[in-house]
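Notes to accompany the following structure.
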Amino acid sequence: MNITELIIESISTLTLNKMRTGLASLGIVIGIGSVIALISLGQGTQQAIQAQIQSLGSNLLTVQPGAVREGGVQGQAGGRTTLTLDDAKAIQATSHISTIQKVSPEFSRRTQVTTGGSNTNTQVVGVTPVYADVHKVTVQEGSFITDQHVLSMTKVAVIGPQAAADLFGENTNPLGQSLRIGTQTLLVIGVTASKGGSGFMNQDDMIYVPLTTAQKQLFGVNYLSSIALEATNEQVMTQAQDEVGYFLLNRHKITDPTKADFSIMSQQDILNTASAMTGTFTALLSGIAAISLLVGGIGIMNIMLVTVTERTREIGLRKALGAKKHFIVQQFLIESIILTFTGGAIGIVFGILTSYVIANIINSLFIISFPSILLAFAVSAGIGIVFGWYPAKIASELQPIEALRFE
Amino acid sequence: MISISHITKIYKTDLIETVALSDISFEIKKGEFVAIMGPSGSGKSTLMHILGALDIPTSGEYVLDHEQVSHLSDDELAVIRNKKIGFVFQAYNLLPRTTALKNVTLPMMYADVPKQEREEKAKKYLTMVGLGDRMYHTSNQLSGGQQQRVAIARSLVMNPSILLADEPTGNIASTQAEEIMEIFQNLNDEGHTIIMITHEPDIASHAKRIITVRDGHIVSDQTNKKQKRIAYKKHNKHS
Chain E
9 MNITELIIES ISTLTLNKMR TGLASLGIVI GIGSVIALIS LGQGTQQAIQ AQIQSLGSNL
69 LTVQPGAVRE GGVQGQAGGR TTLTLDDAKA IQATSHISTI QKVSPEFSRR TQVTTGGSNT
129 NTQVVGVTPV YADVHKVTVQ EGSFITDQHV LSMTKVAVIG PQAAADLFGE NTNPLGQSLR
189 IGTQTLLVIG VTASKGGSGF MNQDDMIYVP LTTAQKQLFG VNYLSSIALE ATNEQVMTQA
249 QDEVGYFLLN RHKITDPTKA DFSIMSQQDI LNTASAMTGT FTALLSGIAA ISLLVGGIGI
309 MNIMLVTVTE RTREIGLRKA LGAKKHFIVQ QFLIESIILT FTGGAIGIVF GILTSYVIAN
369 IINSLFIISF PSILLAFAVS AGIGIVFGWY PAKIASELQP IEALRFE
Chain V
767 MISISHITKI YKTDLIETVA LSDISFEIKK GEFVAIMGPS GSGKSTLMHI LGALDIPTSG
827 EYVLDHEQVS HLSDDELAVI RNKKIGFVFQ AYNLLPRTTA LKNVTLPMMY ADVPKQEREE
887 KAKKYLTMVG LGDRMYHTSN QLSGGQQQRV AIARSLVMNP SILLADEPTG NIASTQAEEI
947 MEIFQNLNDE GHTIIMITHE PDIASHAKRI ITVRDGHIVS DQTNKKQKRI AYKKHNKHS
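Heads up: the protein sequence lines correspond to chains E and V, in order. Okay, so the first sequence: first residue is 9 according to our numbering, each after it adds one. Okay, so the second sequence: first residue is 767 according to our numbering, each after it adds one.
In structure tokens form, the structure reads like this:
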């Protein structure tokens, strides 16, 4: 029998017992499907986060109080009071720093914001006008915070579209409305343009107030939670980091750089951290998927062994009619490979569909990784061979006489 | 063309040695119709396994068509079974849920016979045993006698040297059993060598020579002068 006939034979044998074939391949379908879905989601999430981070501006340096720590974009842990407005002004004024063109002092805290009818828990950020430049924030209605506002500690707010929807509903124009933060009432004077995004980086869910208002009227602090710096261009980022670093060490009178009371992160640093996190997460989930694939393979082996037992008489007959050992091995091996291959193909379709649906639900990017599909096919066939070989070998060793007597 | 000389078969398990056949010798010429008869445990099944190249003797020689079969490897035995021996089993042993046609082509698939030729030969032999109108029926759509006829057709397609039938009518009602015997006699008339294993004297009487076995020995080997011939009937009369 040539290979084509063998394949046709195997397919016809497998279709004789559709239920058994279906159940056997279920393990592989789920295993391969999960691997595909997870890799796809992992890459999609990774790229989505990268895109979000990049939309913040690529020449950005972020100075934060406190020692260098992981995941620095998360927000402000309490008690770090070493960065001040004076620091920001000094950086702006000094001639020692040539690579920074814009300085944006910021104070940000997550808090409860209420209107007459609703409330939301959101990020309130105290800013100066340069914030909009540095973070590429544009206003779709009304206007942004001005120097005058900062000077006069005016109680005004510019809100993101998500916050607007949460507080005032989809259909009301928030301009001219009031909101309360703590005991203070502020007037809405602008709405920012949507930037997309979700989760902790959602810029559409922020409320911008004048820095001085935030510090003195809302939260009673005199320090900053961060200073955002825009470098002159991408090439000088490292130099900029060094210049600002040394300048601040000097200002804070710290001689040992390892004991700095601040950290400076470039966007690349944030990107790397985010990538590392999603990478680890994806690897973990892929590990789980790989285990489920292994279990699927064992399931195939079980079914093939059961099949060998059930077809003992048939094997005895085939041998009696002239089938050599390696024919029998081939027959069972090919059945096993076809089983896993088909299961793999269905699994791939299932995986792609699943990741499409989930990507849409969590607002991530839908990406198909072709290398992962090729890998999945290879793995399916591999499983078919590895887990089909043992049952096939058992089948071929059966003695025709005993096999024919088997009940 | 079959020469069995001093064949002995001993089965060894951990504790016990069983002597199934003890120093058996006989010859069968081309075109004979031989029945090998004996009660259970007589060794007739063991003898059939050796004749059918399904097993090798502990000692002794088996020559089939001038070829030494008793000391061949597994793969070589498989080739002998494929090309030289046609099996008819008591339990028919057809592939389940598979058409009669497909079943008959099975030995040819292991001999690399091209598809076209396989189907033509299968159809020819199925027609010869009277199942020309049931070629696409599967085993659960055929009676016991019909299934055995499919098995007979299957045993003939490779043009074997001998037809080996092991209790061929054991699972079949007596009317259909007569039809099977008729087919064997017709095949023998056409020149096929047939060896039939049975424990029923009535069935054995359809053969031309009866070898009786007991306790691993041949106790008699005689021409059957009163061969029970079945009058020639048309094949397609009964189903």
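Ideal placement from N, C-alpha and C gives every residue a C-beta, glycine not left out.
- Within chain E, no C-beta atom comes nearer than 8 Å to that of residue 995(V); the closest sits roughly 31 Å away.
- If you draw a straight line from the Cα of residue 813(V) to the Cα of residue 948(V), it comes to about 25 Å.
- Among the residues of the region 317 to 331 of chain E, those with a Cβ less than 9 Å away from any Cβ of chain V are 321, 322, 324, 325, 326, 327, 328, 329, 330, 331, in the order of the chain.
- Counting only the Cα atoms, residue 771(V) lies some 12 Å from residue 834(V).
- Taking a beta-carbon distance threshold of 9 Å, residue 399(E) does not count as an interface residue toward chain V.
- By the C-beta criterion, the region 182 to 194 of chain E is judged not to be in contact with the region 93 to 109 of chain E, since fewer than 3 inter-stretch pairs fall below 8 Å.
- The residues 792, 977, in chain order, have a CB closer than 7 Å to that of residue 987(V) in the same chain once the five nearest residues on each side in sequence are set aside.
- DSSP, read as helix, strand or coil, puts residue 367(E) in helix.
- Taking C-alpha positions only, residue 805(V) is separated from residue 985(V) by approximately 12 Å.
- Contact of residue 845(V) with chain E by beta-carbon distance below 9 Å involves 330, 332.
- Taking every protein chain shown into account, the CB of residue 258(E) has fewer than 16 other CB atoms within 10 angstroms, so this residue is exposed.
- In the DSSP assignment, residue 176(E) falls within the unbroken alpha helix (DSSP H) covering 169 to 176.
- Your pair residue 406(E) and residue 330(E) does not check out as a contact, with CB atoms roughly 15 Å apart and the cut at 8 Å.
- For residue 950(V), no chain E residue has a Cβ inside 7 Å of its Cβ, as the nearest lies near 19 Å away.
- Membership of residue 139(E) in the alpha helix (DSSP H) is indicated by the continuous run 138 to 142.
- Those residues of the region 811 to 835 of chain V placed with their C-beta closer than 8 Å to a C-beta in chain E are 815, 818, 820, 821, ordered along the chain.
- Among the residues of the region 865 to 889 of chain V, those with a Cβ less than 8 Å away from any Cβ of chain E are 872, 873, 875, 876, 877, 878, 881, in the order of the chain.
- Neighbours of residue 861(V) in chain E, taken as residues whose beta carbon is under 8 Å from its own, are 322, 325 in chain order.
- Every alpha helix (DSSP H) of 4 residues or more that sits fully in the region 840 to 882 of chain V is shown, in chain order, as 840 to 850, 866 to 875.
- According to DSSP, residue pairing for residue 837(V) in a beta bridge does not occur.
- Nearest Cα to residue 332(E) within the set 846(V), 800(V), 811(V): 846(V).
- 9 Å or more divides the Cβ of residue 872(V) from the Cβ of residue 866(V).
- Within the same chain, and ignoring the five residues on either side of residue 363(E) in sequence, the residues whose Cβ sits closer than 6 Å to its Cβ are 45, 48, 49.
- Using a Cβ-Cβ cut-off of 8 Å, residue 780(V) is close to nothing in chain E; its nearest Cβ partner there is about 17 Å away.
- With contact defined as three or more Cβ pairs closer than 8 Å, the region 967 to 975 of chain V and the region 916 to 928 of chain V are not in contact.
- Take residue 293(E), set aside five residues on each side of it, and the residues of its chain with a beta-carbon closer than 6 Å to its own are 46, in chain order.
- Assignment of beta-bridge partners to residue 114(E) by DSSP yields 234(E).
- Taking the beta carbon of residue 848(V) as reference, the chain E residues within 7 Å of it are 329, 330, listed in sequence order.
- Just measuring C-alpha positions, the residue of 979(V), 788(V), 982(V), 974(V) sitting nearest residue 991(V) is 974(V).
- Here residue 119(E) really is in contact with residue 132(E); their C-beta atoms are around 6 Å apart, less than 8 Å.
- If you draw a straight line from the Cα of residue 353(E) to the Cα of residue 385(E), it comes to about 7 Å.
- In this chain, residue 778(V) is not harboured by any alpha helix (DSSP H); it is covered by the beta strand (DSSP E) spanning 768 to 778.
- Sixteen is the threshold: when 16 or more other Cβ atoms of the shown chains lie within 10 Å of the Cβ of residue 403(E), as they do, the residue is buried.
- For residue 889(V) and residue 901(V), the gap between their C-alpha atoms comes out near 7 Å.
- Residue 307(E) sits in a helix when the DSSP states are folded into three classes.
- Taking 9 Å as the CB threshold, residue 368(E) stays off the interface with chain V.
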